[in-house]
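Colleague: Have a look at the structure that comes next, please.
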Amino acid sequence: MSDPASAAPTQDELKALVGRAALDYVVRGEIVGVGTGSTVNKFIEALATIRNEIKGAVSSSVASTERLRALGIEVFDSNAVDELAVYIDGADEIDGRGHMIKGGGAALTREKIVAAQSRRFVCIADASKRVEVLGAFPLPVEIIPMAARRLMRQFAALGGLAQVREKDGLPLVTDNGQHILDVTGLKIADPLAFESEVNQWPGVVTVGVFAHQKAQVCLLATPEGVQTLRYD
Ligand code: 5RP
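As numbered in numbering that gives the first Met the number 0, residues 0 to 231 make up the sequence shown, in order.
So this is what it looks like as structure tokens:
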């Protein structure tokens, strides 16, 4: 519901708006890559309205898979599909070149895998996600648990403070059986170099900077409507 005093759309309404707008990028007759998160959940609801026009989806998380199946959309294993025309996913931050921070929902590894097998990444986000420099949002990094302490020291050497993400008082376990570090205090001026560097630290499964798998399009929901930003 909109706030009657201002009539400004709520964040939930903005997410629904951009979720519906993403349908324009879904190639009919094909399999679509589907991300994870509250904005993607709105996209999945919209996708269900055209489920008879697509073959199905490749999903980036157990949570999205369950939602897709509950709405009657077939979910394919990523290994059963060579290439996807489009991957649609949210972001925690996106800069002016389509580089993103992702992983707020702990699904970053599978998100990067599905993004890598897609010709085009369409990011759906509300305007609060658009930043000049990545790093205000804590950077998620999926890690092998036995490397946690050393990786925390490596981030400290870069000026970052890394903490193991918890759920119900215990380290959160990802869909891949690993843990997440959330790193605050970083300013990621060169996302391509940063992603390459951190990805080769032993024990890192995936760093939540998406620069090599950047967005080609961002559909940004604003109170004035959906803005289309292109980064080709
Ligand atoms: C999940 C993600 C999400 O895309 C990101 O956290 C944005 O989520 P939301 O749409 O709920 O704000 O990377 O791992």
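For glycine and all other residues, C-beta sits at the position ideal for the given N, C-alpha and C.
Considering only the alpha carbon of each residue, which of G158, I143, P170 lies closest to V206?
Modeller: It is I143 whose Cα lies nearest to the Cα of V206.
Colleague: Mind checking who P139 pairs with in its DSSP beta bridge?
Modeller: Paired residue(s): D181.
Colleague: At a cut-off of 7 angstroms, is T35 close to the ligand 5RP when judged by its beta-carbon and the heavy atoms of the ligand?
Modeller: Yes; taking the cut-off as 7 angstroms, the Cβ of T35 has a heavy atom of the ligand 5RP nearer than that.
Colleague: Quick one: is T48 buried, meaning 16 or more other Cβ sit within 10 Å of its Cβ, or exposed?
Modeller: Per the 10 Å Cβ criterion, exposed.
Colleague: Answer with buried or exposed for E239, where buried requires no fewer than 16 other C-beta atoms within 10 angstroms of its C-beta.
Modeller: With the chain covering 0 to 231 only, the question about residue 239 has no answer from this structure.
Colleague: V39: beta carbon under 7 angstroms from a heavy atom of the ligand 5RP?
Modeller: Checking the Cβ of V39 against the ligand 5RP gives yes.
Colleague: Would you grab the beta carbon distance between A233 and L22 for me? Rounded to a whole angstrom, and I think it's under 8 angstroms.
Modeller: Only positions 0 to 231 of the chain appear in this structure, which leaves residue 233 out of reach.
Colleague: May I ask whether a heavy atom of the ligand 5RP can be found less than 7 angstroms away from the beta carbon of A90?
Modeller: Indeed, a heavy atom of the ligand 5RP lies less than 7 angstroms from the Cβ.
Colleague: Closer than 7 angstroms: is that where the CB of G103 sits relative to any heavy atom of the ligand 5RP?
Modeller: Correct: G103 has its Cβ closer than 7 angstroms to the ligand 5RP.
Colleague: Measuring alpha carbon to alpha carbon, tell me which of I187, I30, L219, N198 ends up nearest E131.
Modeller: Ranking the options by Cα distance to E131, first place goes to I187.
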